[in-house]
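There are 2 protein chains.
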Amino acid sequence: MAEFDKIYARYLNAFNAHLDEFCTGLNCTPGILNDSLIYSLKLGGKRIRPVLMLAVADIIGTGSDKVINFALALELIHTYSLIHDDLPDMDNDDFRRGKPSNHKVFGAGNAILAGDGLLNTAYSILFDECFKGNEFISAAKYICDCAGVYGMIAGQSADLLHENDSTADEETLQFIYDKKTAKLITAAVVVPSILNGGKYYSELKALGKKLGYLFQLTDDILDVEGNFDKLGKSLGKDEEEGKLTGVKVYGLNNCKLRVDIIGDDCIKIIDGLEGDASFLYDFVSYIKTRLG
Amino acid sequence: MAEFDKIYARYLNAFNAHLDEFCTGLNCTPGILNDSLIYSLKLGGKRIRPVLMLAVADIIGTGSDKVINFALALELIHTYSLIHDDLPDMDNDDFRRGKPSNHKVFGAGNAILAGDGLLNTAYSILFDECFKGNEFISAAKYICDCAGVYGMIAGQSADLLHENDSTADEETLQFIYDKKTAKLITAAVVVPSILNGGKYYSELKALGKKLGYLFQLTDDILDVEGNFDKLGKSLGKDEEEGKLTGVKVYGLNNCKLRVDIIGDDCIKIIDGLEGDASFLYDFVSYIKTRLG
């Protein structure tokens with residue numbers, strides 16, 4: 130995995146440099162608005178969506194340059210969703226990436242606006258991309274729909290609705306996994322395809338969905354078994370909030386078995402891609418090894 | 130004004146028919162998400178932004194058909210901003226258009242998602258428009274920037290920041306008026322210009338700003354002097370929340386004088402437009418007569 134770590138770091142650094150440049154250019158009044166946007170953007174994190182997008186763009190020959198602003202917009206959307214998810218009226222999380230959540234620093238009102246601001250800014254970036262041609266518009270629209278009321282927001286709504294719902298079943302869990310988590314990860318791997326004539330479109334779409342499940346399953350397990358220092362967020366929150374999780378539906382051990390099965394599903398899809406996809410094989414292992 | 134009322138009703142009905150069609154097509158899961166979006170969209174209201182956009186599109190020869198989806202997106206953005214503004218963590222308003230606010234019906238968590246959902250859906254509509262050509266992309270981007278962190282959101286942030294701020298002055302008030310209120314109204318009158326080769330661009334931009342001031346000044350006065358039945362929202366909220374308003378900065382009487390002055394400024398700008406702009410003259414009177 131040493132090679133993987135090196136490549137991951139290269140994509141991460143390239144993305145963070147682009148993000149830093151973006152943050153430097155932000156110049157909103159009042160200052161508290163500017164600060165609250167930058168605070169959450171710079172909390173760090175693994176940046177798995179932008180890294181995945183840059184990697185897939187290289188693997189299928191789209192090129193990183195073409196997707197870098199899409200990666201930026203996607204990370205802004207992801208960050209907005211975390212700020213709103215953490216609000217007292219939503220999941221009520223005081224910590225994010227080892228630091229106080231946005232609303233703990235700036236207050237809930239400002240955190241609502243920070244989330245709105247990041248979402249809106251993501252689309253301002255994407256409208257600029259639209260001038261480059263129809264495939265850029267299609268890619269922007271794809272991200273928008275993955276984030277929207279038939280995508281991530283539907284998942285957040287279902288997640289909220291089924292808190293403490295003892296009748297909720299596997300079908301509902303899959304809906305939440307698919308919408309809340311997998312949609313944005315799917316956007317990350319599909320955008321490079323849309324910007325490259327639809328190359329491997331269906332494979333990458335299927336891969337995004339499976340990677341989303343894999344990620345959310347490991348997340349659910351880590352909420353039970355992880356530790357704060359490594360995760361940077363409060364643990365045991367799912368049970369406390371009565372969340373519908375993989376652990377709740379399958380039990381902890383079956384949940385771990387499913388991680389292996391879905392990991393294998395990912396591998397089979399990656400087998401279908403030509404070119405050097407070794408980064409993606411390693412990426413699957415990387416997600417799985419979060420479980421330690 | 131009988132002729133004005135007829136024309137206003139025609140634009141309003143055309144817009145509401147388009148909005149109804151849009152709402153009928155919405156089909157989100159879970160149902161509570163769908164219901165919460167439609168609830169706020171169908172609370173009614175004067176729809177001044179879409180009506181203005183349709184009217185200006187006719188006056189300068191852009192045509193209503195070309196702007197109808199922009200009007201829809203703008204109304205979705207306006208509606209999202211009201212839902213988030215009304216939240217307990219923001220202005221804490223229990224009523225909107227004579228009915229319980231979104232969060233009073235669906236809870237604050239769902240109201241946050243409803244706002245996010247409307248904002249995102251507005252951009253999904255606008256990305257579809259982008260395929261029609263570069264001027265459509267420019268118009269979409271214009272709306273996005275008016276709504277964003279250098280536009281409406283900056284105004285909301287300043288509005289929140291200067292609650293109970295006894296040192297805030299006229300400059301700050303003008304910033305809030307300009308960003309929080311005038312930006313979306315400016316978008317309404319400028320989009321028809323962008324979609325028509327920039328016709329009367331600077332005049333319409335100046336008009337939008339003045340109309341925004343006029344609207345917010347009358348709003349501030351009505352919060353002191355209006356009545357619930359006519360306004361459909363709680364009164365006296367500004368003082369209760371320590372808001373920075375025109376009434377606070379200028380005093381009630383001077384505020385009314387300024388309404389006349391800014392109304393005259395609007396008229397002068399409208400004088401510079403060729404074609405039949407009688408609707409716009411009457412629109413200025415219409416806003417002023419809200420004061421009764």
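Protein chains in written order, with the numbering used here: chain A, 130 to 421; chain B, 130 to 421. Note that the Cβ used here is the ideal one computed from N, Cα and C, for glycine as well.
Under 9 Å, Cβ to Cβ, is there at least one residue of chain B near residue i?
i      : result
Y209/A : yes
K328/A : no
H147/A : no
L364/A : no
N249/A : yes
L216/A : yes
L155/A : yes
L324/A : no
F304/A : yes
L162/A : yes
Output needed for residue i: all residues of its chain with C-beta closer than 8 Å, excluding positions within five of it in sequence on either side, in chain order.
i      : result
K362/A : D222, F224, R225, R226 and G227
G326/A : E264
E292/B : E370, G371, K372 and L373
I350/B : G375, V376, L381, C384, K385, V388 and L420
Run down chain E in chain order and give the residues with a C-beta less than 7 Å from the C-beta of residue i.
i      : result
T191/B : The structure shown contains no chain E; its protein chains are A and B.
From the DSSP secondary-structure annotation, give me the bridge partner or partners of residue i.
i      : result
P321/A : In the DSSP output, where bridge partners are listed per residue, P321/A has none listed.
F224/B : P229/B
So, is the C-beta of residue i closer than 9 Å to a C-beta in chain A?
i      : result
Y252/B : yes
P159/B : yes
L255/B : yes
L373/B : no
L313/B : no
Does DSSP put residue i in a helix, a strand or coil?
i      : result
R176/B : coil
R419/B : coil
E332/B : helix
I189/B : coil
S165/B : helix
C157/B : coil
L373/B : coil
T239/A : Looking at the sequence shown, residue 239/A is not Thr but Asn. Helix, per DSSP.
A297/B : coil
L402/B : coil
D218/A : coil
G280/A : coil
E150/A : helix
N337/B : According to the sequence shown, residue 337/B is Gly rather than Asn. Looking at G337/B - three-state DSSP - the assignment turns out to be helix.
K362/A : coil
F304/A : helix
G326/B : coil
G262/A : coil
Apart from the five residues on each side of it in sequence, which residues of its chain come closer than 7 Å, Cβ to Cβ, to residue i?
i      : result
A268/A : F199, V320, I323 and L324
F344/B : T310, I314 and I416
T95/A  : This structure cannot speak to residue 95/A, because chain A is shown only from 130 to 421.
V185/B : V318, P321 and L333
H147/A : I197 and L201
T208/A : S169, L170 and L247
Who are the near neighbours of residue i in its chain, counting only those whose CB is closer than 6 Å to its CB and skipping five residues on each side?
i      : result
L409/B : I399
F304/A : A287
A406/A : I188 and I399
C452/B : Within the shown structure, residues of chain B are numbered from 130 to 421, placing residue 452/B beyond reach of any answer.
A243/B : S165, L166, I212 and N231
G174/B : R226
A283/A : K308
If contact means a Cβ-Cβ distance below 8 Å, which residues of the stretch 260-294 of chain B contact chain A? F260, N263, I266, A269, K270, C273, D274, A276, G277, V278, Y279, I282, A283, Q285, S286, A287, L289 and L290
Scan the stretch 218-246 of chain B for residues whose Cβ lies nearer than 7 Å to a Cβ of chain A and list them as they occur along the chain. D218, M219, A237, G238, N239, I241, L242, D245 and G246
According to a CB-to-CB cut-off of less than 8 Å, which residues of the stretch 166-177 of chain A neighbour chain B? L166
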